[in-house]
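Chains as they are written, first to last, in the numbering used here: chain F, 270 to 536; chain W, 45 to 676.
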Amino acid sequence: MTSDLDALEAQSIFILREAFNRIDKIAMLWSIGKDSNVMLWLARKAFFGHVPFPVIHVDTSYKIPEMIEFRERYAREWNLPLIIGGNKAALAEGMSPDRGRVTCCSALKTEPLKEVIREHGFTGIIAGIRRDEEGTRAKERVFSPRNAAAEWDFKDQPPEFWDQFKTDFAPGTHLRIHPLLHWGELDVWRYIERENIPMVDLYFAKNGRRYRSLGCAPCTGTVESNATTVAEIIEELRTTKTSERSGRAQDKESEDAFERLRQQGYM
Amino acid sequence: MNAVLRPLKIVIVGHVDHGKSTLVGRLLHETGSLPDGKVENLRAVCDKRGMPFEWAFVMDALQAERDQGITIDTSQIPFKTALRPYVIIDAPGHKEFLKNMVTGAASAEAAVLVIDALEGVQEQSRRHGYLLHLLGLRQLAVVVNKMDAVAFSQERFDAVSAEIRAYLGEIGVSPTHIIPIAARHGDNMVSRSERTPWYQGPTVVQALDAFQPAAEATALPLRFPVQDIYKFDHRRIVAGRIESGRLKVGDRLLFSPSGKTARVASIESWNAPAQSVAVAGQSVGVTLDEQIFIERGQIASLLEQPPMGSDLFRARLFWLGRTPLTEGRRYKLKLATAEHIVAVEKVERVIDVTDLATAESRSVERNAVAEVLLRAAGPVALDPFTDNPRTGRFVLVDQYDIVGGGVISMDGLPDSRCAPSVVGQDLTAVQHKVTPQSRAAANRHRGGVIWLTGLSGAGKSSISMEVERRLFHRGFQVFTLDGDNIRQGLNSDLGFGPEDRAENIRRIGEVANLFVQAGMVVITSFISPYRADRDRARAANPTSFHEVWVKAGVEECKRRDPKGLYAKAVAGTIPDFTGISAPYEEPLHPELVLDTEKLSLEETVDRLIRYIERDMQREPGVDLESRPDASI
């Protein structure tokens, strides 16, 4: 091993390969954000240039337009087996953040994801969450079971040690696999720099502001920044003490808003 | 740019309410590792709920935890000292949450054990210390917390230190430091406290900085467990992570336990420069020069340093299952990428980790630690944990759940790595001009092996010598192989360790085979405790091998103890003594059982002679032809 990034990469590849080998019907979530772009890149490393499972993007229709352009371009260039999910019924009857952010997230993200999972019969979903993002995610397992209603029982999680993941399940169990759980935000950017991974422009500062985390336009704000390149972002992150999801409004609805979202099956 | 230190993983353990989360919260604050506003935010939450601010709340991000006041699960939180980054794992102290504590602690490189100065060493202080050691963690610092509650008394600190040092000493752990602290107030966290002028040692941060990062196991022999085989394109790639050692293009790999070999043709990668060498820690893919059949679970090594292979092994394990582990039950064992069904052959002892007392039991309860013998249906490629931790540990699965973890010991057991006898390629069989039929006709009986097996003291020697005498007088060509004529000559180079024992039996099997080919009846009289060894002897001569179990229980043999060996073994002066400190594997399908607890010597001798006469004095028939005359 030559560097810490090599070690992170090797661990993620090991996890992706375990998931691919042990889980019957598997798919990867692609939010178009930096983490899932890195995850997709790691999949291509793990499988020697191939992505041997479908890639799911849940489109809330409130996503920032640049994100959709990015998705279209790279789905084509990287030859990704893309599945796009969305809750047309909820949108048709006017669902929006005005009805409450947590309500909106449930209706436009969690529900359509559950629908895609049901429709395709996926038993495992690979998601790019990281422990350092937020306290609730710190509690996660690499292989994290959900019950049939996609709920997360964080009080009774399986033991996970020596890289022996829980891969045996009662019928009806659904699994989330988290190959980036052990990465930090700074690691992600350093890896993007090393591997030269394409990113949505929104991450780079314009007029003194940039997105640090990407989501839906109405609920995702920018942060003050002059970082216009990956190297400058890395430099900025080395010194910041603001939290990564500070621009994400749905976390702040109430003290435990995010925890409630995750228990219901939010990523 | 890439010269970034990998974070050191540390785990914080200790008895419930001894202040682990407080220590962590304070550590994050003192090292400037908390996001702006986090502490203010939490203070506001506490005010809103009308409760005093707790440093532990920094870690306890979940609502449920705040309500219950205990940490439910392992969190991993990064922080930095001037020296390097850390990932801190806050393990829960509550007894019921052992699985979470194991989850956190198993990945740690060093540990901090928190002990309350007032309460002193408690059950979980000991339990956690023991488990860390069992999980293979070798660096441990102790903090004696809440020193403010004992008025920073040096006397109290010394007493608690002595108590924990004594316990850790017994399990072979020597703490790197023992530090008096008051985490709530910050004493001895980053700077030496004025309230402990009698303490000259390092602060908590200095003690952390003194830990050594775990090194990748590149110096150990190559272990490359096969994770998957990919055929996405024209390449057939064997994928896996190198757990130890290194491999390079051109190396001949041995896949265990299948025994197949092939050379590394290439090391594959995507968006990375071509490699000719890969080392421990890397997830790689290789192609081979021959299309041999390989599947997930096989462990690749270099030819010269293969893993051990055994269907029987010892383990020290911790049990997390809701139902107890019991003798005779079957579980799925996962070792590296392999899965095997194993049965619990024996629960050898259950260890009370709070006082290290051992007890006999046929089952192991949840949260307990025990030493067990496990048996798989076929050979398992493995290493003793002390030789190679990454291929020397496993988990057990019951139904859908991981119910335990264990580390392997092969003490007192044979390594059947040498199982298939290696025959020189340039040897050719020379035809005898005397056929077995001619020998049988001349002797008026066929040749055969009477393989006596049983505990020391069961009666093997008495029976074999008497049977030999009587058969001889009836005109048989008969000879007995026993410890005296084998150990003093042919096998004088062998000791009594498990591998020497296996080799001892292998040679006896081969010699017996020669006697059979010479047309003789040969009686072997050896404990031969392992099924695998006896099966190998049978395989050397399948048509004329007769396994005879000279049966008597350990208690009866101990009582007889004709050579005084049991007394010595019980006293511990003979190591690896079968029936006492090494296992005896009873024959599953012996041709004959002679129960010497129920039958007299006379009766057993009669039965065996009747058996031999019936089998070997039959008219020579077709079965004699089945074994070719050739020998090597």
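Note that CB positions come from ideal geometry on N, CA and C, so glycine has one too.
Just so we're clear, the structure is a prediction, and the values are computed from it rather than from any experiment.
Contact between L298/W and L347/W holds, since their C-beta atoms are separated by about 5 Å, short of 8 Å. For F362/W, the closest C-alpha among the options Q319/W, V439/W and D431/W is that of V439/W. Within its own chain, the residues whose Cβ lies closer than 7 Å to the Cβ of F520/W, once the five positions on either side in sequence are excluded, are H489 and V565, listed in chain order. For V165/W, DSSP records no beta bridge to any residue. Taking a contact to require three or more Cβ pairs closer than 8 Å, the segment 515-534 of chain W and the segment 448-455 of chain W do not qualify as touching. Counting along the chain, no alpha helix (DSSP H) covers M297/F; the unbroken beta strand (DSSP E) around it starts and ends at I295 to L298.
Relative to the Cα of H326/F, the nearest Cα in the group R313/F, L382/F and F316/F belongs to L382/F. Counting only runs of 3+ residues, the beta strand (DSSP E) found wholly inside the segment 355-401 of chain W occupies 374-379 and 382-396, in chain order. Listed along chain F, the residues sitting closer than 7 Å to A283/W by beta-carbon distance are R286. Annotated three-state conformation of L638/W is strand, per DSSP. Of the candidates R228/W, R170/W and A258/W, the residue whose Cα lies closest to the Cα of G180/W is A258/W. Using a Cβ-Cβ cut-off of 7 Å, K294/F does not count as an interface residue toward chain W, since no Cβ of chain W sits closer than that to its own. In the structure shown, the three-state DSSP call for G527/W is helix. Interface residue (Cβ-Cβ distance to chain W less than 7 Å): D328/F is not classified as such.
Our two residues, L266/W and V447/W, have alpha carbons roughly 29 Å apart in a direct line. With a threshold of 7 Å between beta carbons, I446/W makes contact with chain F. Using beta-carbon distances, R313/F counts as an interface residue toward chain W, with a partner under 7 Å.
For Q319/W, DSSP records a beta bridge to I311/W. Burial check for K435/F: the Cβ neighbour count within 10 Å reaches 16 or more, so the residue is buried. Contact residues of the segment 313-336 of chain W toward chain F are S313, W314, N315, A316, V323, A324, G325, Q326, S327 and G329 (C-beta to C-beta distance below 8 Å). A distance of 7 Å or more separates the beta carbons of W495/W and E630/W.
Restricting attention to T367/W, G365/W and K390/W, the CA atom closest to the CA of R358/W is found in K390/W. When DSSP reads this structure, K332/F sits in a beta bridge with C485/F. The distance from the Cβ of L449/F to that of G484/F is about 17 Å, inconsistent with a contact at the 8 Å cut-off.
Per DSSP, the continuous alpha helix (DSSP H) segment holding V614/W begins and ends at L609 to A615.
Going by DSSP, R296/W is part of the beta strand (DSSP E) stretching over R296 to S300. In the DSSP assignment, T331/W falls within the beta strand (DSSP E) that extends over S327 to L332. Across the structure, F268/W and A496/F are spaced so that their CA atoms are roughly 43 Å apart. It is roughly 12 Å from the alpha-carbon of H319/F to the alpha-carbon of E346/F. Of the candidates V234/W, D650/W and V323/W, V323/W places its Cα closest to the Cα of S272/F. Looking at M191/W, L632/W and Y243/W, the one whose alpha-carbon comes closest to that of L67/W is M191/W.
S235/W and H73/W have their C-alpha atoms some 14 Å from each other.
Between F412/F and chain W, the shortest Cβ-Cβ separation is not below 7 Å. Contact between N411/W and L142/W holds: CB atoms are separated by about 5 Å, below the 8 Å threshold. Going by DSSP, R291/F is part of the alpha helix (DSSP H) stretching over D273 to R291.
The contact set of A150/W on chain F, defined by CB atoms closer than 7 Å, consists of F430 and W431 in chain order.
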